[in-house]
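Structure first, commentary second.
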Amino acid sequence: MRLKITHVTSYSYDAPVRSALQKLRLTPRSGHGQTVLDWDVSITGGTRQVSYADQFVNHTDLIKVDPGAQHIEIVCQGHVETENRNGVIGIHKGFAPLWLYRNATPFTAPGSTLRALVRQLKADHGDADALTQLHALSDMILGQVRYETGRTDSSTTAETALAEGHGVCQDHTHVMIAAARLLGQPARYISGYLMMNDRVDQTASHAWCEVWTDALGWVGFDVSNGISPDDRYVRVATGRDYRDAAPIMGIRQGAGDEHLQVSLQVQQ
Amino acid sequence: MSKSRPTFDEMLVGEETPRPPYSAYHRWFSNEDLKDLRRKSSEAEAFFRRIGITFNVYGQADADERLIPFDIVPRIISGREWSVLERGIDQRVRAINAFLHDIYHRQEIIRAGRIPKEIISKNDAFLPEMIGVNPPGGVYTHIVGTDLVRTGENEFYVLEDNARTPSGVSYMLENRETMLQMFPELFAQMKVRPVSSYPRLLRRSLADCAPPATSGRPVVAVLTPGIHNSAYFEHAFLADQMGAELVESHDLSIENGRVAMRTTQGFQAIDVLYRRVDDDYLDPLTFNPDSMLGVPGIMDVYRAGGITIANAPGTGIADDKALYSYMPDIVEFYTGEQAILKNVPTWRCSEADSLAYVLDHLSELVVKEVHGSGGYGMLVGPAASKKEIAAFEKKLRARPSNYIAQPTLALSTVPILTKAGLAPRHVDLRPFVLVSPNRIDITPGGLTRVALKKGSLVVNSSQGGGTKDTWVLGD
Numbered sequence: 001m002r003l004k005i006t007h008v009t010s011y012s013y014d015a016p017v018r019s020a021l022q023k024l025r026l027t028p029r030s031g032h033g034q035t036v037l038d039w040d041v042s043i044t045g046g047t048r049q050v051s052y053a054d055q056f057v058n059h060t061d062l063i064k065v066d067p068g069a070q071h072i073e074i075v076c077q078g079h080v081e082t083e084n085r086n087g088v089i090g091i092h093k094g095f096a097p098l099w100l101y102r103n104a105t106p107f108t109a110p111g112s113t114l115r116a117l118v119r120q121l122k123a124d125h126g127d128a129d130a131l132t133q134l135h136a137l138s139d140m141i142l143g144q145v146r147y148e149t150g151r152t153d154s155s156t157t158a159e160t161a162l163a164e165g166h167g168v169c170q171d172h173t174h175v176m177i178a179a180a181r182l183l184g185q186p187a188r189y190i191s192g193y194l195m196m197n198d199r200v201d202q203t204a205s206h207a208w209c210e211v212w213t214d215a216l217g218w219v220g221f222d223v224s225n226g227i228s229p230d231d232r233y234v235r236v237a238t239g240r241d242y243r244d245a246a247p248i249m250g251i252r253q254g255a256g257d258e259h260l261q262v263s264l265q266v267q268q
Numbered sequence: 001m002s003k004s005r006p007t008f009d010e011m012l013v014g015e016e017t018p019r020p021p022y023s024a025y026h027r028w029f030s031n032e033d034l035k036d037l038r039r040k041s042s043e044a045e046a047f048f049r050r051i052g053i054t055f056n057v058y059g060q061a062d063a064d065e066r067l068i069p070f071d072i073v074p075r076i077i078s079g080r081e082w083s084v085l086e087r088g089i090d091q092r093v094r095a096i097n098a099f100l101h102d103i104y105h106r107q108e109i110i111r112a113g114r115i116p117k118e119i120i121s122k123n124d125a126f127l128p129e130m131i132g133v134n135p136p137g138g139v140y141t142h143i144v145g146t147d148l149v150r151t152g153e154n155e156f157y158v159l160e161d162n163a164r165t166p167s168g169v170s171y172m173l174e175n176r177e178t179m180l181q182m183f184p185e186l187f188a189q190m191k192v193r194p195v196s197s198y199p200r201l202l203r204r205s206l207a208d209c210a211p212p213a214t215s216g217r218p219v220v221a222v223l224t225p226g227i228h229n230s231a232y233f234e235h236a237f238l239a240d241q242m243g244a245e246l247v248e249s250h251d252l253s254i255e256n257g258r259v260a261m262r263t264t265q266g267f268q269a270i271d272v273l274y275r276r277v278d279d280d281y282l283d284p285l286t287f288n289p290d291s292m293l294g295v296p297g298i299m300d301v302y303r304a305g306g307i308t309i310a311n312a313p314g315t316g317i318a319d320d321k322a323l324y325s326y327m328p329d330i331v332e333f334y335t336g337e338q339a340i341l342k343n344v345p346t347w348r349c350s351e352a353d354s355l356a357y358v359l360d361h362l363s364e365l366v367v368k369e370v371h372g373s374g375g376y377g378m379l380v381g382p383a384a385s386k387k388e389i390a391a392f393e394k395k396l397r398a399r400p401s402n403y404i405a406q407p408t409l410a411l412s413t414v415p416i417l418t419k420a421g422l423a424p425r426h427v428d429l430r431p432f433v434l435v436s437p438n439r440i441d442i443t444p445g446g447l448t449r450v451a452l453k454k455g456s457l458v459v460n461s462s463q464g465g466g467t468k469d470t471w472v473l474g475d
């Protein structure tokens, strides 16, 4: 499937910015069933400082907001050819060792609620093969963490989201990663794009996870939608959790609030 | 290491006979008047106060700035002894750099089964942000301070590798400066190899590791956390001696893809940053977001080849105490040679058998925290009270994998000058090593730390230790 993506992120500041940097992971790479035909990231109100591949081989740009700016806009657009591999990503690439994806991170550190979830999974599906267990886990999470926007934020941990019972795709993904790691499986966070069938304008960029299984290698799970990714998905960045794979991570000096606006179109 | 063996004194055999490296010094000393020497000793102290070598002790609010006591009796090492140390250190430092490259790339040493995976995968000193980074020139540890102790004529052990940011080199330089001023006649009589080239070699060594983005003569700067840091004096001293800028967080920003410092002529890009700020505080955008001591974005510039950070972030994995016991294997794996310098036998308390042994022998052992430094949080069994041992046992049982244990070594002694004349005190040695792409320079000498209290084995300056000038003879 050939997807056309236009993703505009803009920040407005109440007061002129003294100094601000943004780390962008907004450029998809070819591979794993996707081919990037063309891609462009253009910035107004800021200047690209460096570009490099990070420890997870994510294409990363460091942007400096122009001193005194009150508005910055990041426009990503391009075409990606995708194929449906039923969520199977397969072999592990890069220098990041598999064990790194088994270690808990601040977002995915398990507490009593996560441990109880995994105990329940083992009680109900202990005899099933790994893949079946993981699909069951994904269903359990969607059942226990109701999709609801505005109740959690980008700093909510997996344990909190699960205990409070609501969240968005980031929270679903963190809960799935945390539970998979408790099962002893390496798991990683994916940020990217999803074309929802019924609309062109998407509300936000998407997140899902991949879990390592001995039989198939990396396999994707989109907990929020209850499926494994197909050709409507574009992988952009990966890492141990949101902090590693966040599309935009910033640091800012200066008074005043920041207002974020996102528009995203994904279409065939 | 057995208790019955007498302590090795580096100067004297028995009461009177000097060992060969000390013969000339001993002859000179015998003809000196003790009162004159005592007076010179107080002069030395005044000298240090005047130039401002003081340090802060953590956890002692009442004594903000203190002078590290200096003893005027030099520690003397023969050229032959030194050449063995030199080869051993060179080998160890080469192995450490190869290990760091491997551990942040293919991890062949784990694949080969030479170290257990868990020692890396469960270690906070492993820095994922360094995965896949190729630092300029392949150098990770630009500056190393290998801590050595001696137990006999030809017996040296490595205590710690200090591959992060070893401090103390300013004392090596100032101690020598002081000795040259006070005892010029001794230096005229004896061939003592100079240490004064260290700042020049440091600068050259750092400049040789300049990143691809460098144009022209590499610009070197020293990043300090600021005046409240215990080693601020050293940061300022080294910057001054090298002819480099001393900078703090607020002097730096990202400009045109480089880390730049504000100067009167505008921004100046820095090619090599000798940072004395810990990894976690280095970049609030990538690491601890609350850090006020670092440079936001420096890790991005680093990965893109825009700056060299010395030492590289993530080198702590190589001098971690949990990894220490594997150093002989690490040396062999990367150099294909047997380790020249010995490791102190080490019990890993994470292993059940070792823990059982350590718990049975606490009164004989030194138990250290795996990630600790500066002599804090350790138990020196033979010097501890029953109550202290019992308290420590509790901590050890609660978190065994947090500790390693080693026998108490019979550290060698070198005499210090006391009111009654010479009296032996235990010492260690920290030589300073500079690594550049094509060479390893080990300054002949180093920092000798001495436990001033009779019988004490703790040489840390924060625990009442002092320093001596270290002479390597050109024989």
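As you go down the protein sequences, you meet chains Y and Z in turn. Residue 1 is where the first sequence starts when you use the numbering used here, and the numbers rise one by one after that. Residue 1 is where the second sequence starts when you use the numbering used here, and the numbers rise one by one after that. For every residue, glycine included, the Cβ atom is placed at its ideal position computed from N, Cα and C. Computed from a predicted structure; not experimentally measured.
Where residue i falls: helix, strand or coil (DSSP)
i      : result
Z:L206 : helix
Z:S41  : helix
Z:Q463 : helix
Z:S477 : The requested residue 477 of chain Z does not occur in the structure, where chain Z is confined to residues 1 to 475.
Z:A497 : This structure cannot speak to residue 497 of chain Z, because chain Z is shown only from 1 to 475.
Z:F233 : helix
Y:Q49  : strand
Z:M242 : helix
Z:V358 : helix
Y:M249 : strand
Y:E159 : helix
Z:A24  : helix
Z:I110 : helix
Z:L473 : strand
Y:H32  : coil
Z:G455 : coil
C-alpha distance - residue i paired with residue j, whole-angstrom precision
i      : j      : result
Z:P166 : Z:V144 : 6 Å
Y:A204 : Y:Y147 : 14 Å
Z:A322 : Z:L362 : 19 Å
Y:A178 : Y:I72  : 35 Å
Z:G294 : Z:E245 : 16 Å
Y:V8   : Y:I74  : 6 Å
Z:P212 : Z:R19  : 51 Å
Y:H172 : Y:V223 : 6 Å
Z:Y274 : Z:L223 : 6 Å
Y:E83  : Y:R235 : 12 Å
Z:S325 : Y:L134 : 40 Å
Y:L194 : Y:P97  : 28 Å
Z:V366 : Y:G226 : 56 Å
Z:D251 : Z:F267 : 10 Å
Z:G113 : Z:E332 : 13 Å
Y:L260 : Y:R2   : 29 Å
Z:V57  : Z:V459 : Reliability of the predicted coordinates at Z:V57 is poor, the pLDDT of 43 falling under 50, and the value obtained from them is presented with this limitation in mind. Those two C-alpha atoms are separated by around 14 Å.
Y:D127 : Y:M140 : 17 Å
Y:R18  : Y:S42  : 22 Å
Endpoints, the beta strand (DSSP E) within which residue i is located
i      : result
Y:I74  : H71 to T82
Z:V247 : E245 to V247
Y:I141 : That residue, Y:I141, is in no beta strand (DSSP E); its alpha helix (DSSP H) goes A130 to Q144.
Z:D441 : R439 to I442
Per DSSP, the bridge partner or partners of residue i
i      : result
Z:L409 : Answer is none; Z:L409 lacks a bridge partner.
Z:F29  : Answer by DSSP bridge pairing: none, since Z:F29 is not bridged.
Z:H371 : Per DSSP, none; premise fails for Z:H371.
Z:Q265 : BP columns for Z:Q265 are empty, so no partner.
Z:F287 : Paired residues: none, contrary to the question.
Z:I340 : Looking at the DSSP assignment, Z:I340 forms no beta bridge with any residue, so it has no partner.
Limits of the alpha helix (DSSP H) - the one that residue i falls within
i      : result
Z:F187 : P184 to Q189
Z:V84  : G79 to I103
Z:K395 : K386 to A398
Z:R303 : I298 to R303
Z:Y326 : Looking at the DSSP string, Z:Y326 is not in any alpha helix (DSSP H), and its letter there is neither H nor E.
Threshold first: 3 residues or longer. Then list the beta strand (DSSP E) segments lying entirely within the stretch 117-182 of chain Z, N to C.
Listed in chain order, they are 143-145, 147-152 and 155-160.
Residue ranges of each beta strand (DSSP E) run of no fewer than 3 residues wholly in the stretch 161-239 of chain Y, ordered along the chain?
Along the length of the stretch 161-239 of chain Y, whole beta strand (DSSP E) runs at least 3 residues long occupy 187-194, 206-213, 217-221 and 233-239, reported in chain order.
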